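Peer 1: Taking my numbering, the leading residue of the sequence shown gets 35, the next gets one more, and so forth. This is the structure, below, for whatever I ask next.
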Amino acid sequence: MPRIVSTYQRPWWLPSGHLQSVYAQFLRRPQVDYRRERYELDDGDFIDLDWAGAADSAQPLIVFFHGLEGSSDSQYCRHTMVAANARGWSGMVAHFRGCSGEPNRLPRSYHSGDSAHCDTVLREMRARFPTRTIYAVGVSLGGNALTKWCGEQGEAAKAIIAAAASVSNPLDLGISAEAILHPKNWIFNRYFMNAMGASYTRRMQTHPHLREKGFLATPKSFPQFDEHYTAPTHGYTSAWDYYHRASSRGFIAKIRVPFLLLNAMNDPFVPASLFPNDAEMPDNVTLEQPKDGGHVGFVTAGFPGKLDWLAKRLTAFFSAAGADSSDSRKGADARSGATP
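Structure representation (structure tokens):
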């Protein structure tokens, strides 16, 4: 497995992973003119796909899977869409159920192991664009789901996408869930619990039986939330069963498409000890571990800083994997590891 030296350098005025993670959320986001598509699912639910860039099917397409309670408005999505469009490519953010600002119809929602969501979206894109170069990116929760999908598909993924990238992937959901409970991470735990509590309080208004099943409207931690809602609603017997079966770390060795695994060493709730070692990884997986960057907090430049490094890194990786070719299969066997 290639292990490369990252080009990322943090600003001197953002010394810690916590500051890098939090500060990134307050920087101005670029304007993106999205076009929304409502995609109906076979189970009677729907997801919203937000498109950016020209509809030219001859150009590469980046499919983006966002993080927990994220959306096409998230800074990392917007910056990646801008970077893709600058190369003449198109981009699309595939919202998980209920994340587009519109409540989904079913009691179920989405979770870190939702590789079925990735499968539905990516197969639909391949069916629509049989010869188009298609690349996939997942951040945080979306990164875990996409990594799991790539491992599940193995060689078969090459017929669907040319390459993929995962950023700030939690890797082991149980360990990450415990890490976020550390006192120094209180701000992250409070943010996620408030956001998820509000989201599922709204869900209980249309699906009142969730309350009868013991769902907590004000969860205090991921283990509590996952035990009472995620696991029983999505086919797991417990939070532990969910963490064990949905974590992506064990799927990395089965990935066969060119793949970038980009995680900062100082991510506040993804311990560096979770990163796979060289012996565990296939040659087509590139591991990039910048010393800094926090959790999707790759700020650069002087104050007030910029957030375009990650988007440039992703598009450079895809370009090196063959994204500039109009033949999607030509990119499938390309080697990775370029820097912007």
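Even glycine gets a Cβ: it sits at the ideal position worked out from N, Cα and C. Just so we're clear, the structure is a prediction, and the values are computed from it rather than from any experiment.
1. Taking the alpha carbon of D84 as the point to measure from, which residue in R63, E158, D107 and P64 has its own alpha carbon closest?
2. Go to D275, then tell me how far its alpha helix (DSSP H) extends in each direction, as first and last residue.
3. Helix, strand or coil, according to DSSP, for G328 in the structure here?
4. When you compare only the Cα positions, how much space is there between G78 and G125?
5. Between the C-alpha atoms of A355 and C152, what's the straight-line distance to the nearest angstrom?
6. In chain order, which alpha helix (DSSP H) runs of at least 4 residues are fully inside the stretch 53-120?
7. Rank N219, N119 and A118 by C-alpha distance to the C-alpha of D301 and give the top, closest one.
8. Could you pull out every unbroken beta strand (DSSP E) segment of at least 3 residues lying fully inside the stretch 117-191, listed in chain order?
9. Mind checking F99: buried by the 16 CB within 10 Å criterion, or exposed?
10. If we ignore side chains and look at the alpha-carbon of each, how far apart do I38 and H113 end up?
11. Could you give the C-beta distance for G122 and K288, rounded to a whole number, given that I count them as a contact under 8 Å?
12. Just reading off the alpha helix (DSSP H) that E376 is part of, what are its end residues?
13. What first and last residue would you give for the beta strand (DSSP E) that runs through A335?
14. In chain order, what residues of the same chain lie with their CB nearer than 6 Å to the CB of S210, ignoring the 5 residues before and after it?
15. Could you tell me which of P266, D206, V97 and L207 sits nearest to T154, measuring between CA atoms?
16. Starting from E11, trace the beta strand (DSSP E) both ways and give me its first and last residue.
17. For V201, list the residues DSSP reports as bridge partners.
18. Taking the C-alpha atoms as reference points, what is the distance between G339 and A58?
19. Please work out which residues of its chain come closer than 6 Å, Cβ to Cβ, to S143, disregarding the five sequence neighbours upstream and downstream, and give them in chain order.
20. Can you give the Cα-Cα distance for G172 and R139, rounded to whole angstroms?
21. Is the beta carbon of S233 closer than 8 Å to that of S202?
22. Need the endpoints of the alpha helix (DSSP H) that G208 sits in, please.
23. Among residues of its own chain, excluding the 5 on either side of M299, which ones have a beta-carbon nearer than 6 Å to its beta-carbon?
24. Roughly how many angstroms separate the alpha carbons of P137 and V333, rounded to a whole number?
25. What's the C-alpha gap between A191 and L321?
26. For Q54, collect the residues of the same chain with a Cβ closer than 7 Å to its Cβ; drop the 5 residues on either side in sequence, then sort them by chain order.
27. Use the C-beta contact count for D148: other C-beta atoms within 10 angstroms, 16 or more gives buried, fewer gives exposed.
28. Measure how close the beta-carbons of L341 and V319 come, nearest whole angstrom, since I'm counting them as under 8 Å.
29. What residue range does the alpha helix (DSSP H) around F351 cover?
30. Less than 8 Å separating the beta-carbons of S255 and L215?
31. Do you know offhand how far R347's Cα is from Q239's?
32. Does the distance from the C-beta atom of M230 to that of E103 stay below 8 Å?
33. If we call anything under 8 Å between Cβ atoms a contact, is L156 one with A179?
Peer 2: So, to answer that:
1. By 1-based counting over the sequence shown, the position of residue 84 is 50. Out of R63, E158, D107 and P64, D107 has the C-alpha closest to the C-alpha of D84.
2. For the purposes of this step, residue 275 is identified with residue 241 of the sequence shown, where counting begins at 1. It spans A273 to A280 - the alpha helix (DSSP H) in which D275 sits, taken as one unbroken run.
3. Here residue 328 refers to the residue found at position 294 of the sequence shown. It is coil, neither helix nor strand.
4. As a first step, residue 78 is located in the sequence shown; it is residue number 44 there, counting from the start. As a first step, residue 125 is located in the sequence shown; it is residue number 91 there, counting from the start. Cα to Cα, the separation comes out at about 26 Å.
5. For the purposes of this step, residue 355 is taken as residue 321 along the sequence shown, with counting starting at 1. For the purposes of this step, residue 152 is taken as residue 118 along the sequence shown, with counting starting at 1. Taking the straight line joining both Cα atoms gives about 20 Å.
6. 109-120
7. In the sequence shown, residue 301 corresponds to position 267, counting from 1. Nearest option by C-alpha distance: N219.
8. 124-128 and 168-173
9. Counted from its first residue, the sequence shown places residue 99 at position 65. Counting Cβ neighbours within 10 Å, F99 comes out buried, since at least 16 surround it.
10. Position 4 of the sequence shown, counted from the start, is the residue given in the question as residue 38. Position 79 of the sequence shown, counted from the start, is the residue given in the question as residue 113. If you take the alpha carbons of I38 and H113, they lie about 23 Å apart.
11. For the purposes of this step, residue 122 is taken as residue 88 along the sequence shown, with counting starting at 1. For the purposes of this step, residue 288 is taken as residue 254 along the sequence shown, with counting starting at 1. That belief does not hold up - the Cβ atoms of G122 and K288 are roughly 33 Å apart, past 8 Å.
12. A question about residue 376 goes unanswered here, because the residues of the chain that appear run from 35 up to 374.
13. In the sequence shown, residue 335 corresponds to position 301, counting from 1. Segment: none, A335 is in no beta strand (DSSP E) and carries neither H nor E.
14. Position 176 of the sequence shown, counted from the first residue, corresponds to residue 210. Same-chain partners within the cutoff: P204, F303 and V304.
15. In the sequence shown, the residue the question calls residue 154 occupies position 120. That would be V97, whose Cα lies nearest to the Cα of T154.
16. The requested residue 11 does not occur in the structure, where the chain is confined to residues 35 to 374.
17. The count along the sequence shown starts at 1 and reaches residue 201 at position 167. V201 pairs with V173 and L296.
18. The count along the sequence shown starts at 1 and reaches residue 339 at position 305. The count along the sequence shown starts at 1 and reaches residue 58 at position 24. The alpha-carbon atoms of G339 and A58 are separated by roughly 9 Å.
19. Within the sequence shown, the letter at position 109 stands for residue 143. Excluding residues within five positions, the ones whose Cβ falls inside 6 Å are R131 and G132.
20. Along the sequence shown, one-based indexing puts residue 172 at 138. Along the sequence shown, one-based indexing puts residue 139 at 105. Roughly 24 Å between the two C-alpha positions.
21. Translated into positions along the sequence shown, residue 202 becomes position 168. Translated into positions along the sequence shown, residue 233 becomes position 199. Taking 8 Å as the Cβ cut-off, S202 and S233 do not qualify as a contacting pair.
22. Within the sequence shown, residue 208 is the residue found at index 174, counting from 1. It spans L207 to A213 - the alpha helix (DSSP H) in which G208 sits, taken as one unbroken run.
23. Position 265 of the sequence shown, counted from the start, is the residue given in the question as residue 299. A306, Q323 and K325.
24. Numbered from 1 along the sequence shown, position 103 holds the residue referred to as residue 137. Numbered from 1 along the sequence shown, position 299 holds the residue referred to as residue 333. Between P137 and V333, the C-alpha separation is close to 32 Å.
25. What you label residue 191 is simply residue 157 of the sequence shown in a count that begins at 1. What you label residue 321 is simply residue 287 of the sequence shown in a count that begins at 1. Whole-angstrom Cα-Cα distance: 19 Å.
26. Mapped onto the sequence shown, residue 54 falls at position 20. R44, L48, D326, G327, G328, G331 and V333, listed in sequence order.
27. Counting from 1 along the sequence shown, the entry for residue 148 is found at position 114. By the 10 Å Cβ count, D148 comes out buried.
28. The count along the sequence shown starts at 1 and reaches residue 341 at position 307. The count along the sequence shown starts at 1 and reaches residue 319 at position 285. That belief does not hold up - the Cβ atoms of L341 and V319 are roughly 26 Å apart, past 8 Å.
29. Here the question's residue 351 lines up with position 317 in the sequence shown. Where F351 is concerned, the enclosing alpha helix (DSSP H) stretches over W343 to F352.
30. The residue given as residue 255 occupies position 221 in the sequence shown. The residue given as residue 215 occupies position 181 in the sequence shown. Yes, the pair counts as a contact, with Cβ atoms nearer than the cut-off.
31. Taking the sequence shown and counting its residues from 1, the one referred to as residue 347 is at position 313. Taking the sequence shown and counting its residues from 1, the one referred to as residue 239 is at position 205. Roughly 42 Å between the two C-alpha positions.
32. Reading the sequence shown from its first residue, position 196 is the one you call residue 230. Reading the sequence shown from its first residue, position 69 is the one you call residue 103. Yes, they are a contact pair.
33. Your numbering for residue 156 matches position 122 in the sequence shown. Your numbering for residue 179 matches position 145 in the sequence shown. Against a cut-off of 8 Å, the Cβ pair of A179 and L156 comes out as no contact.
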